[in-house]
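Protein chains in written order, with the working numbering: chain A, 1 to 321; chain B, 322 to 821; chain C, 822 to 1175.
Even for Gly, the Cβ is constructed at its ideal location relative to N, Cα and C.
Values in this document were obtained by computation on a predicted structure and should not be read as measured data.
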Amino acid sequence: MARNDDMNQSKLSAFLESDTFKGLLPFIGLVVILGAMYYLTDGRIMQPKRLRLLLSQVYYPMIVATGVFFVMTLGSIDFTEGSTLGVASIVVSVLSFYNIPLAIIGGILTGAAIGAVNGFFHVKFRLQSFIVTICTMYLFRGVCAYFTTETAIPASAAIKALDSDNLKIGITVAVLIVAFFLFKFTRIGNDVKAVGSGETAAKFSGVRTDKVKFLAFVAAGALTGLAAFVNVIKVGSITSTAGNQLETQILISLVLGGLPITGGAKVRFSNIVVGTLMYTVLNNGLVMLGFESATQQLIKGVVFLIFVALTIDRKALKVIK
Amino acid sequence: MPGKNILEMRGITIEFPGVKALDGVDFSLREGEIHSLLGENGAGKSTLIKCINGVNRKDSGVILLDGKEINPSGPYDAMQLGISTVFQEVNLCPNLSVAENIFVGRQPMKHNQIDWKEINRRAEELMSRFHLDIDVTRPLSYYSTAIQQMTAIARAVDVQAKILILDEPTSSLDENEVQLLFSVMRELKASGMGIIFITHFLDQIYAVSDRMTILRNGHLVGTYDINELGKVELVTKMVGKDMDVIFSLKRAEVSPDAPIMLKAEHIGDSSRIDDISITLKKGELIGFAGLLGSGRTETAEMLFGASRAVHGEIFVDGQNVSIKTPFDAIKSEIAFCPEDRKRDGIIGDLSIRENIMLAVQSRKGFMHPMTRQEQTELADKYIKLLGIATPDCEKKAGELSGGNQQKVILARWMAASPKVLILDEPTRGIDIGAKAEIQRLMLEMCGEGVSVIFISSELDEIIRCSNRIIIMRDRAKVAEVDGESCTQQDILRIIAEGAA
Amino acid sequence: MAGKKFDLSGLMQSKVTWAVIAEALILLVCFIIRPDFFSISYQPSTGMLYGSLIDIVNRSAEITIISMGMTLVIALGGTDLSVGALVAVAGAIALKFLRWDVLTYTTPGDYTVYPYILVIAVPLVVCALMGLFNGFLVAKGGIQPIIATLILMVCGRGVAQILTDGKQFTTGYSPFRVIGQGSFLCLPMPIIITIIVVVAVALFTRKTAFGAFVESVGVNPSASRLSGIKAGNVILLVFMITGLLSGIAGLIYSSRIMSNDSNNAGLNFEMDAILAVVIGGTNMAGGRFSLAGTVIGSLIIRTIVTFVYYFGIVAEATMAFKALIIAVVIVLQSEPVRKYFAKRAAMRRAGAKS
Chain A
1 MARNDDMNQS KLSAFLESDT FKGLLPFIGL VVILGAMYYL TDGRIMQPKR LRLLLSQVYY
61 PMIVATGVFF VMTLGSIDFT EGSTLGVASI VVSVLSFYNI PLAIIGGILT GAAIGAVNGF
121 FHVKFRLQSF IVTICTMYLF RGVCAYFTTE TAIPASAAIK ALDSDNLKIG ITVAVLIVAF
181 FLFKFTRIGN DVKAVGSGET AAKFSGVRTD KVKFLAFVAA GALTGLAAFV NVIKVGSITS
241 TAGNQLETQI LISLVLGGLP ITGGAKVRFS NIVVGTLMYT VLNNGLVMLG FESATQQLIK
301 GVVFLIFVAL TIDRKALKVI K
Chain B
322 MPGKNILEMR GITIEFPGVK ALDGVDFSLR EGEIHSLLGE NGAGKSTLIK CINGVNRKDS
382 GVILLDGKEI NPSGPYDAMQ LGISTVFQEV NLCPNLSVAE NIFVGRQPMK HNQIDWKEIN
442 RRAEELMSRF HLDIDVTRPL SYYSTAIQQM TAIARAVDVQ AKILILDEPT SSLDENEVQL
502 LFSVMRELKA SGMGIIFITH FLDQIYAVSD RMTILRNGHL VGTYDINELG KVELVTKMVG
562 KDMDVIFSLK RAEVSPDAPI MLKAEHIGDS SRIDDISITL KKGELIGFAG LLGSGRTETA
622 EMLFGASRAV HGEIFVDGQN VSIKTPFDAI KSEIAFCPED RKRDGIIGDL SIRENIMLAV
682 QSRKGFMHPM TRQEQTELAD KYIKLLGIAT PDCEKKAGEL SGGNQQKVIL ARWMAASPKV
742 LILDEPTRGI DIGAKAEIQR LMLEMCGEGV SVIFISSELD EIIRCSNRII IMRDRAKVAE
802 VDGESCTQQD ILRIIAEGAA
Chain C
822 MAGKKFDLSG LMQSKVTWAV IAEALILLVC FIIRPDFFSI SYQPSTGMLY GSLIDIVNRS
882 AEITIISMGM TLVIALGGTD LSVGALVAVA GAIALKFLRW DVLTYTTPGD YTVYPYILVI
942 AVPLVVCALM GLFNGFLVAK GGIQPIIATL ILMVCGRGVA QILTDGKQFT TGYSPFRVIG
1002 QGSFLCLPMP IIITIIVVVA VALFTRKTAF GAFVESVGVN PSASRLSGIK AGNVILLVFM
1062 ITGLLSGIAG LIYSSRIMSN DSNNAGLNFE MDAILAVVIG GTNMAGGRFS LAGTVIGSLI
1122 IRTIVTFVYY FGIVAEATMA FKALIIAVVI VLQSEPVRKY FAKRAAMRRA GAKS
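Written out as structure tokens, the structure is:
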């Protein structure tokens, strides 16, 4: 009899430890947080106006997170999102006075170029992505500060006129669909996962690991560049704080979404969407509840802690490349 | 009726900083042949195959594939040329599925998309060719090492290889699995594939190969037909000296009234080991025999506190001790050389000196440090005693060969002067010379009054060294036999039938 | 002869050597542009030495102190992102105790509300406990260090603000001023504190076996555990030390400005500390660490900043300029570059022989 209980218990704990359950947790978390916020704000968070505001804060982090998702699947890390967004936003703003398509392309190319710098140094000089991207973060923060400290850089009226939910939703959804397709149905997704699971193994299996790593950083940069466009049409002018702390926000979002920091095969595409939504709902809810920013930070930290304690994959305790 | 040569290598020389890893080596492989590559660790076997598949660049010499010169730039390039390699450490991604592992890097496409159905279908087909009926969509880590190994081979075979290189594929397989692998190898051979086979198990070489090539210190000793050379001659050629030592080892002498050093009563946890009792006398060596997964390692880990026993009692030298962590075990003067040398034993980036002093130091605690001089003296003593091949004790332990790494770990525990020493597969994957050395050291320690538990998959060495042999099966002790009077057949029969 | 040459090429492959060379080069450039860069003068009125070099060492104190702990964390194969936030927490607590009830003590002056010992001790204890919390999450919770410390990085500044009700206090209490602005033996006090910390950490790691244990756990945690090292305790201790050192840095920082600044105190310190450690030759993957290298790494970072101020390069570009030079140093230290130099040295030797 006792044995039977043991069995049941071990079955339950096996289920709680299983990948299926771990995969479900972020969704449960999102529902719980959404439910809690709905309850605490008496449903105000679901009012159309509020919902619009909430969504408007989702677009560009989600686009950025999609790019970073590929980098983190490799088991690498990218700290440059914020500064890339800043620099790319400046380029978009300046070019917006000439030609809007040119501005978009300019933004994407700027981001891609910064990503290429990261990828190049990471791959060619075998430096940890952590270190490379801290350096480039400082570098491009500096560049951003240099251009924006005295006066904010305005964007053209034409580009601001583009600000509409439909456009922003359209871009975000398009990015997600394309990335999902690439991740799920082409070699790219598999190769990235293989590198994250075991670089040597992937290399010996014929994956061009260097190329894959380089491209992932370029993609992360390019998508951040595209996000810069979405950011510019929303805010209209670029100050020195553009994209401040974005990298931390993205990192937290993806971890909340259930992405293992070591990357590899256990990543799921849903991590991006769930994580970004969870972060934004939490953020907005706390603002609506009228907490001071300090208390908000504290609550965010606690939620993050609870979440990490529940979801983290304890078996994957290796170092980040 | 020998087939034509598909691969010819002439005058291959590879230099690493400071050493010539290969010096003018010739090698050839025929169509439909299994060709064993032999030599001690460091003889150049791995370097040679890494030269064929492009991991290492040769400094001079030519490689001809079907008469055409090739210069593969890496494993991928070699694969395109029809040369597939299954590396020593299974180089797969444990958390991708079996099917994904087989096709990673070359997924079949349909309408620009990965064709998952096709992948899973073909993976199943391949595995069934190896007589394995498994769910290929499960993650690889779900399956045993043997199946992981088969997956690696399936992957290598599926790329339409002309040449298949198997680097120590059998080191973690049990007897049935080895037979399975051999039958697959014979089938592949019949289809005209040339197979290069590396192993440390001499019996396996004779069981499956057609020819063998022996390397020593980067030089070619010779290529022989399999029935041209007997075992003893083969070993002599490999190590370059007579190997009488190995056959002249003597069992430890245990007087009947020797005190009991270790007594474990009914230890177990509910999941891994049910209930096991062991007694070990002072200066005695007992062997643990049984298949992989029979509970040998689990028992050892429990005795050492690496995994926690839920019930049962352990007595060391008559004292009832509570062992919950390795630290407790070390305090009770039990030592343990783990099975996976790389993962659990050697601390690669640290020096030999630090690796050796670690257990002594950790027993003292960090607030009572040994001086640098004490450490060096200790390390030098054991380097000399164990014959560790190194210029000095400051060399990184990770740079040593497998056998020497094993000796360093052994030294770590000998320095801690334990009462009980548990050795889990101390001789796996190291060459014959080093194997004999380790067995000799083990027996010498018994002579000095240390009690030893010796776990090995190689029955002959267990029988050669043990006073008593505990046979395990399905996570329980099924029999205990006398080391002197039993034979391999006896043990195999007990393992198979589950009772004495 | 041959032995000597070999040593030289070994030196050229060591990362610390490159760090020293880099620092020397930057100083050389400074010297060429402004020969008085190295001049040090004595100011009798304050009893202190002045000069750019003194200033560099003085201003690098916070990063040097924090990076002593960070070196150990990185040697374990981890990172601590929370150190900057802890700097803010330490400042907040200290100022809170100095000016407990701001409504009663309306003007800042040369007084403290709570005993000075508490002003110093409580921030240090709290920071050490926060470090212990990080260590607990890593050692007992099995959470990756980068994520575990991200939690305090996110909410540490919030804690600091809640402690001070989001206000910025100032103080004029002179014993507190001594920590960041006082002097001892003609040297600014932060330099003295830095020296004490560096020596203490060096003694603790190298005169006991603690350093070896840290390296061992960093290289191979599983093997270390099986060798009897209590890896969990090593991790706890290392994170606690790092927390404590962040607290010391926080006191120095807030004493310099005689105020607390929850938003900006210690901003980006975690990044600077990590860079200092890496420039100093400790590998992010864990294992061997070099405290001396870290000190040089920290000095390099500060020298660059001083260089920028000193030569009037636009202040906004400081960060970019700093990043560029650090990038060059790190690239020079990278494995491919060192291998290239090693190969060239070998070829030259071979050439000389034949």
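Next item on the list: Taking the CB atoms as reference points, tell me whether Ile233 of chain A and Lys184 of chain A lie closer together than 9 angstroms.
Entry: The Cβ atoms of Ile233 of chain A and Lys184 of chain A do not sit closer than 9 angstroms to each other.
Notebook entry, point to check: Nearest CA to the CA of Met1140 of chain C: which residue from A:Phe147, A:Ala202, A:Asn190 and A:Gly263?
Noted result: Out of A:Phe147, A:Ala202, A:Asn190 and A:Gly263, A:Phe147 has the C-alpha closest to the C-alpha of Met1140 of chain C.
Next item on the list: Can you check the stretch 621-667 of chain B for any beta strand (DSSP E) of at least 3 residues that lies completely inside it and give the ranges in chain order?
Entry: For the beta strand (DSSP E) assignment, the uninterrupted runs of no fewer than 3 residues enclosed by the stretch 621-667 of chain B are, from N- to C-terminal side, 632-637, 640-642 and 655-658.
Next item on the list: Give the DSSP-derived three-state secondary structure of Met514 of chain B in the structure shown.
Entry: Note: Met514 of chain B maps to coil in three-state DSSP.
Notebook entry, point to check: Apart from the five residues just before and just after Ile815 of chain B, which ones in its own chain have a Cβ nearer than 7 angstroms to its Cβ?
Noted result: These residues qualify, in order along the chain: Ile792, Val799, Ala800 and Ala821.
Check: Touching or not, the stretch 530-540 of chain B and the stretch 357-369 of chain B, by the rule of three or more beta carbon pairs under 8 angstroms?
Finding: The stretch 530-540 of chain B is in contact with the stretch 357-369 of chain B.
Check: If the cut is a Cβ gap below 8 angstroms, which residues of chain B does Val212 of chain A touch?
Finding: Residues of chain B passing the Cβ test: none, with the nearest at roughly 10 angstroms.
Check: Tyr397 of chain B CB to nearest chain A CB: under 9 angstroms?
Finding: It does; some Cβ of chain A falls within 9 angstroms.
Checklist line | Straight-line Cα distance separating Phe424 of chain B from Ala316 of chain A | finding: Interpretation of Ala316 of chain A is limited by its pLDDT of 45, a score under 50 that renders its predicted location unreliable; the figure taken from the coordinates is listed afterwards. Their Cα atoms are separated by approximately 24 angstroms.
Check: Going along the chain, which residues of the stretch 669-685 of chain B sit with their C-beta nearer than 7 angstroms to a C-beta in chain C?
Finding: Residues Gly669, Asp670, Leu671, Glu675, Leu679, Ala680, Gln682, Ser683 and Arg684.
Item checked: DSSP-derived helix/strand/coil call for Leu950 of chain C -> Three-state result, Leu950 of chain C: helix.
Notebook entry, point to check: At a Cβ cut of 8 angstroms, what residues of the stretch 249-277 of chain A count as close to chain C, listed as they run along the chain?
Noted result: Only Leu251, Ile252, Val255, Ile261 and Thr262 from the stretch 249-277 of chain A bring a Cβ to less than 8 angstroms from some Cβ of chain C.
Next item on the list: Between the Cα of Ala981 of chain C and those of C:Asp1082, C:Val1055, C:Ile938 and C:Leu849, spot the shortest distance and give me the residue it belongs to.
Entry: Measuring from the Cα of Ala981 of chain C, the nearest candidate turns out to be C:Asp1082.
Note to self: Quick check: the Cα distance between Leu523 of chain B and Thr491 of chain B, rounded to an integer number of angstroms?
What the structure shows: So the alpha carbons of these two residues sit roughly 12 angstroms apart.
Check: Does the stretch 1159-1173 of chain C touch the stretch 858-869 of chain C, meaning 3 or more C-beta pairs lie closer than 8 angstroms?
Finding: With a cut-off of 8 angstroms, the stretch 1159-1173 of chain C and the stretch 858-869 of chain C do not count as touching, because too few Cβ pairs lie within range.
Checklist line | Whole alpha helix (DSSP H) elements within the stretch 525-574 of chain B, 4-residue minimum | finding: With a minimum length of 4 residues, the continuous alpha helix (DSSP H) runs that stay inside the stretch 525-574 of chain B are 552-560 and 565-568.
Note to self: Here's the rule I'm using: 16 or more other beta-carbon atoms within 10 Å means buried, otherwise exposed. How should Arg1123 of chain C be labelled?
What the structure shows: Buried is the call here.
Note to self: On the DSSP bridge list, what partners appear for Met869 of chain C?
What the structure shows: Met869 of chain C is bridged to C:Gln864.
Notebook entry, point to check: Would Arg1165 of chain C count as contacting chain A if we go by Cβ distances under 9 angstroms?
Noted result: At a cut-off of 9 angstroms between beta carbons, Arg1165 of chain C makes no contact with chain A.
Notebook entry, point to check: Near Asp876 of chain C, what residues of its chain come up, given a Cβ to Cβ distance below 7 angstroms and the 5 sequence neighbours on each side ignored?
Noted result: For Asp876 of chain C, where only same-chain residues beyond five positions count, the Cβ hits under 7 angstroms are Thr1127.
Margin query: Quick check on Thr241 of chain A: buried or exposed, where buried means 16 or more other Cβ atoms within 10 Å of its Cβ?
Written below: Result: exposed.
Notebook entry, point to check: Taking C-beta to C-beta, are Arg459 of chain B and Val419 of chain B nearer than 9 angstroms?
Noted result: Between Arg459 of chain B and Val419 of chain B, the CB-CB gap stays under 9 angstroms.
Notebook entry, point to check: Roughly how many angstroms separate the alpha carbons of Gly388 of chain B and Glu329 of chain B, rounded to a whole number?
Noted result: In a straight line, the C-alpha of Gly388 of chain B is about 8 angstroms away from that of Glu329 of chain B.
Check: At least one CB of chain C closer than 9 angstroms to the CB of Gly301 of chain A: is that the case?
Finding: Any Cβ of chain C closer than 9 angstroms to the Cβ of Gly301 of chain A would place that residue at the interface, and such an atom is present.
Notebook entry, point to check: Secondary structure at Ile673 of chain B, three-state DSSP: helix, strand or coil?
Noted result: In this structure, Ile673 of chain B counts as helix in the three-state DSSP scheme.
Check: Hey, Lys603 of chain B and Pro580 of chain B: beta-carbon distance below 9 angstroms or not?
Finding: Less than 9 angstroms separates the beta-carbon of Lys603 of chain B from that of Pro580 of chain B.
Next item on the list: Measuring only between beta-carbons, confirm whether Arg1046 of chain C sits less than 9 angstroms from chain B.
Entry: It does: the Cβ of Arg1046 of chain C has a partner Cβ on chain B nearer than 9 angstroms.
Check: Between A:Ile261, A:Asn283 and A:Ile272, which lies nearest to Val308 of chain A when the distance is taken from Cα to Cα?
Finding: Ranking the options by Cα distance to Val308 of chain A, first place goes to A:Ile261.
Item checked: Proximal residues of chain B, C-beta to C-beta of Phe1031 of chain C below 7 angstroms -> Going along chain B in sequence order, the residues near Phe1031 of chain C (Cβ under 7 angstroms) are Phe687.
Notebook entry, point to check: Mind listing which residues of the stretch 657-668 of chain B have their C-beta closer than 7 angstroms to chain C's C-betas, in chain order?
Noted result: Going along the stretch 657-668 of chain B in chain order, one finds Phe657, Pro659, Arg664, Asp665, Gly666, Ile667 and Ile668 with a Cβ nearer than 7 angstroms to chain C.
Next item on the list: For my contact list, Val281 of chain A and Ile33 of chain A are in at a C-beta cut-off of 8 angstroms; report their separation, rounded to the angstrom.
Entry: With 8 angstroms as the limit, Val281 of chain A and Ile33 of chain A qualify as a contact, their Cβ atoms being about 6 angstroms apart.
Margin query: Less than 9 angstroms between the beta carbons of Met735 of chain B and Met766 of chain B, yes or no?
Written below: Cβ atoms of Met735 of chain B and Met766 of chain B: closer than 9 angstroms.
Checklist line | Closest Cα partner of Gly770 of chain B within the set B:Ile455, B:Ser777, B:Lys740 and B:Asp546 | finding: The candidate whose alpha carbon is nearest that of Gly770 of chain B is B:Lys740.
Margin query: Helix, strand or coil for Ile373 of chain B? Go by DSSP, reduced to three states.
Written below: Secondary structure of Ile373 of chain B (DSSP, three-state): helix.
Notebook entry, point to check: Would the stretch 498-513 of chain B and the stretch 465-479 of chain B be scored as touching if the rule is three or more Cβ pairs under 8 angstroms?
Noted result: Enough Cβ pairs lie closer than 8 angstroms, so yes.
Checklist line | Three CB pairs or more closer than 8 angstroms across the stretch 132-144 of chain A and the stretch 1146-1158 of chain C | finding: Counting C-beta pairs closer than 8 angstroms gives three or more between the stretch 132-144 of chain A and the stretch 1146-1158 of chain C, which meets the contact rule.
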